[in-house]
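Numbering (UniProt numbering), first residue to last: 1 to 130.
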């Protein structure tokens with residue numbers, strides 16, 4: 001008796017899974033706050049020229065979710081969804097994740113409230129002879 005061969009069940013293709021995840025990546029809330037919510041950029045995103053390769057010719061864009069819609073009705077329906085309301089709330093209330101916060105978490109910087117380390121003076125014992 002040898003080992004039993006698997007039939008008809010392909011192994012997980014991890015490379016294609018990662019590619020699909022990257023391709024359908026939603027922008028993070030901190031990216032939207034730092035990049036898209038600047039008034040000049042928001043104005044550009046909402047008043048884009050017609051683009052044939054975008055859904056709805058690029059005319060119906062939700063800034064908080066960073067998504068294009070095929071019609072104004074689809075965008076209005078999207079504004080009523082739980083996903084949009086949650087994203088809107090996180091952008092309005094939560095403080096975005098910053099580079100300084102990431103460096104503190106990684107140990108590259110000291111915490112904001114951490115006391116400064118003071119190196120103790122070297123104590124020399126007179127009794128110890130070398």
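From the three backbone atoms N, C-alpha and C, an ideal C-beta is built for every residue, glycine too. A quick note: this is a predicted structure, and the numbers were derived from the prediction, not measured.
Please say whether residue j and residue i have beta carbons closer to each other than 8 Å?
i          : j          : result
residue 69 : residue 78 : yes
residue 60 : residue 71 : yes
residue 63 : residue 45 : yes
residue 56 : residue 48 : no
residue 66 : residue 36 : yes
Do we get a CB-CB distance below 8 Å when we pair residue i with the residues of chain C?
i          : result
residue 76 : Structure shown: chain C not included; a single protein chain is present.
What's the call for residue i, buried or exposed, on a 16-neighbour Cβ count within 10 Å?
i          : result
residue 75 : buried
residue 93 : exposed
residue 22 : exposed
Give the DSSP bridge partners of residue i, in chain order.
i          : result
residue 62 : 67
### Inter-stretch contact at 8 Å, needing at least 3 Cβ pairs: the segment 87 to 107 / the segment 26 to 39
At 8 Å Cβ cutoff, the stretches touch.
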